[in-house]
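Report on the following structure.
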Amino acid sequence: MRPVLARRLVPRPREELYALLADLRGHWQLAGRWVHPLELRQDGGVVQVRGPGGLRRTVITELTRLEPPGLVAGEAWSGATRAAICWELEPSGRRTLVTLRADIDRTGPLDRALLALGGRQWLAGRFAKTLQELR
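Take the sequence shown: its letters are residues 1 to 135, numbered as in this note's numbering.
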């Protein structure tokens, strides 16, 4: 399955962005109203993802790899659906090219259908909005 991906050049140093993203407690604030935290720890937590039409999913998250100052990676799963999530931070002068990527490894039947019916594009749009919050 092809990844869900968003990229943005952010006018902040990579080290500063890494510090923000390496602690999941602060990074959910970037996602806006489509993600509601239920339980947050520095290395993971439980969030509720709100989709179109009132669709909601409870998602468990966990940080699995931290490589300062350029990589924050983890996993997210909800029922039978599992994804590897990665934030890559590449320096570009005084700015940072940020890539947010989700590789969906497994899906349950309902999530597979939702992704095929526009969920992938919806998720990519939410990723792009999340990156806009990195100012």
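By construction, the Cβ of each residue, glycine as well, lies at the ideal position given by its N, Cα and C atoms. A quick note: this is a predicted structure, and the numbers were derived from the prediction, not measured.
Nearest residue (CA-CA) to residue i, options the options
i    : options              : result
G79  : C86, R56, R2         : R56
L110 : Q121, I104, T81      : T81
M1   : A102, G54, S92, Y18  : A102
P68  : E133, W87, T58, I104 : W87
T96  : G54, T64, G70        : G70
L114 : I60, G45, G53        : G53
Cut-off 7 Å between Cβ atoms - residues of its own chain near residue i, not counting five sequence neighbours on either side
i   : result
A6  : L100, A124, F127, A128, L131
H36 : V47, Q48, R50
L66 : A22, V72
W28 : V35, P37, L40, V47
Cutoff 8 Å; reference residue i; Cβ partners in own chain excluding five residues on either side
i   : result
R94 : P11, P13
Reduced DSSP category for residue i - H, G, I as helix; E, B as strand; rest coil
i    : result
E133 : coil
P91  : strand
Q121 : helix
R2   : coil
A102 : strand
Integer-rounded CB distance, given that residue j should sit under 8 Å from residue i
i    : j   : result
A84  : E75 : 6 Å
V98  : R25 : Going by Cβ atoms, the distance from V98 to R25 rounds to 19 Å, so no, they are not a contact pair.
D43  : E62 : 7 Å
L134 : L17 : 6 Å
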